[in-house]
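Chains as they are written, first to last, in UniProt numbering: chain A, 1 to 336; chain B, 1 to 336. Take a look at the structure below.
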């Protein structure tokens, strides 16, 4: 059966274990407080606990960085989930975040293994005016794309985009890559070290809708196909810098600031130097700008990212029935 | 002569040494980049250097915190300028910021002494939507109030307020208190660790107008009296917190967020708990809210500050002539 068959829904395994993670970056506070709130609720016994077909794992990913109010303590945790870092040899005194990544991989993974959780939703904030974004490695993960489509419909007033990190040649490095499916839910603008009730409210609503979708999916609902606009990362652009000191010499131009997902055309204003000069985009292809002036990316040499937009057609999907899952299980074993 | 005499301008000593400081908090980036830009310009020889009646000192206050992209390294530098901290005994390994405060006091002070610079303008950013604020300890420093009034006139489209830190009983603790006159120029909203070209542009304009005013004043211009609205700090309000963990349990309410200098009335929404409940202002006096949800104040236990607004009448002023200064100098000596 073709996955793109319009009439027949694609059947996918149920999502019995879902993880919601926050505080992967310790100063991105909406996720920190939402995870703490979810943990509080989980501690309260609920009458319909038995009926819940999905187990929810709620994780504060980097408690040490949260405690210090910083993105990380030794190294960026959300770059530590490559197979090499997770499974390679350790030094005598490995960075805290590498140890923590291995703990999280043991808890939610192992990455790539059959015991990994079915879905990881990792909560992030950005200082950029990006609204609510899904960020994922794949543009053909129907689960993530359908959840995105569902949120778009449930929250029609919220600017929402699906960012695809591009070619699969580059290995996935972030916490959400530990699950069988996974994405980062990135919401902004919110300064790091600050929690805004509007942004917190968006994130809370997004997570609740995501969990609703999982319940519907697991209970056998069919989700119609359709299309999703996907922004595929093409490249990052750094700030202009002083050759000697490496200090930045310009800020993002005021015409571009806060205009995430606008189309940046050749010769459009890009930067404003601190002495007042305008620098223009020298590329030849119009591209969509995002992560514009994200605070944590100064140290990574990224002033903004650029993407191509494509419209993807996604198939209808439904969860496999128990019988189908068992049959498929037998098939897999026979194939080995 | 009464200082409030409407007809005769009050005569004040000229401002021959002015300091502009940035990076007192290392992650408040508009001031950091503006100071670096001013330092670059000063290195270029100018034709009219000889004509400049004012010496300008430009200082990156906390270079170590700037380098680390943090507010401070050991302790908040901008709380280290009390006489006790500047002049008291030191421990064996004093915090970096205490040593740096003493260096700055030697460079710009000594605080309270006749050798101190005439004016300190210390540049700050806030995540709060405060526009351009002067923050000062005194509500009768005609120099600061006249500079403020001049900026209001020169930048009519910019929301601008004068914040008075209140009763002189409490000792001044910030860098600007080292000068004979001084104020913090606080501009927001800008996330910490980020520089926005609009906020940088405002700060640059504010500093240029301030320096223009000093030149005009020193050259003998008379500045008409008038009025200035002053917001005097009454009290700070902390976030609701969990008794055991001390974690905050609510964010500033979305009705109040970004509405700095609005009048908060009894029973107005104040906080929104992370479970969705609205908490209201329980005070009995309507007061003006500012520093609403400032990122650096979570650790200080301040969710917002509240002020009373008063309209101050300020006298006309002019600089003393050289003769007047000499005469006053003799008088002072005779008085001793």
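Beta carbons: idealized from backbone N, C-alpha and C, even for Gly.
Pairing residue 202 of chain A with residue 151 of chain A gives a Cβ-Cβ distance that is not under 8 Å. In chain order, 56, 58 place their CB closer than 8 Å to the CB of residue 42 of chain A, counting only its own chain and leaving out the 5 sequence neighbours on each side. When only Cα atoms are considered, residue 175 of chain A and residue 80 of chain A end up about 8 Å apart. Under the criterion of beta carbons closer than 8 Å, residue 270 of chain A and residue 256 of chain A qualify as touching, at roughly 6 Å. Per DSSP, the beta-bridge partners of residue 185 of chain B are B:123, B:134. Nearest CB-CB separation between residue 74 of chain B and chain A: not below the 8 Å threshold. Taking a contact to require three or more Cβ pairs closer than 8 Å, the stretch 305 to 321 of chain B and the stretch 218 to 229 of chain B qualify as touching.
Counting along the chain, residue 141 of chain A sits inside no beta strand (DSSP E), nor does DSSP assign it H or E at all. The stretch 235 to 246 of chain A and the stretch 186 to 199 of chain A do not touch, with fewer than 3 CB-CB distances between them shorter than 8 Å. Excluding sequence positions up to five before and after residue 82 of chain B, its CB lies within less than 7 Å of the CB of 171, 173, all in the same chain and listed in chain order.
Per DSSP, residue 221 of chain B lies in no beta strand (DSSP E) segment and is marked neither H nor E. Rounded to whole angstroms, the gap between the alpha carbons of residue 28 of chain A and residue 121 of chain B is 32 Å. For residue 99 of chain B, the uninterrupted alpha helix (DSSP H) segment begins and ends at 96 to 108. Contact note: residue 281 of chain A does not reach chain B at a C-beta cutoff of 8 Å; the least C-beta distance is about 15 Å. Under the three-state reduction of DSSP output, residue 164 of chain A falls in the strand class. Only buried fits residue 21 of chain B, as 16 or more other CB atoms lie within 10 angstroms of its CB. For residue 37 of chain A, the C-beta contacts it makes with chain B under 7 Å involve 274, 275, in order along the chain. Looking from the CA of residue 87 of chain B, the closest CA among B:182, B:230, B:109, B:67 belongs to B:109.
With distances taken between CA atoms, residue 127 of chain A lies nearest to A:292 out of A:39, A:309, A:292. For residue 195 of chain A, there is no enclosing beta strand (DSSP E), as DSSP gives it neither H nor E.
At a cut-off of 8 Å, the C-beta of residue 24 of chain A has no neighbouring C-beta in chain B. With respect to chain B, the C-beta atom of residue 240 of chain A has no partner C-beta closer than 8 Å. With 16 or more other Cβ atoms from the protein chains shown falling within 10 Å of its own Cβ, residue 184 of chain A counts as buried.
The contact set of residue 196 of chain A on chain B, defined by CB atoms closer than 9 Å, consists of 251, 252, 254, 257, 258, 293 in chain order. Taking the beta carbon of residue 200 of chain A as reference, the chain B residues within 9 Å of it are 251, 272, 274, listed in sequence order.
Nearest Cα to residue 78 of chain A within the set A:104, A:228, A:277: A:104. For residue 295 of chain B, the three-state secondary structure derived from DSSP is helix.
As computed with DSSP, residue 272 of chain B is found in a beta bridge with B:251, B:278. For residue 30 of chain A, the enclosing alpha helix (DSSP H) stretches over residues 29 to 43. In this structure, residue 309 of chain A lies near residue 229 of chain A, with their beta-carbon atoms less than 8 Å apart.
When 8 Å is used as the limit between beta carbons, residue 192 of chain A is near these residues of chain B: 191, 192, 193, 295, in chain order.
Nearest in C-alpha terms to residue 145 of chain B, of all of B:314, B:322, B:326, B:31, is B:314.
Shortest Cα-Cα distance from residue 322 of chain A to any of A:277, A:9, A:210, A:14 involves A:14. DSSP places residue 65 of chain A inside the alpha helix (DSSP H), whose first and last residues are 63 to 68. Contact between residue 117 of chain B and residue 215 of chain B fails: their C-beta atoms lie close to 16 Å from each other, not under 8 Å.
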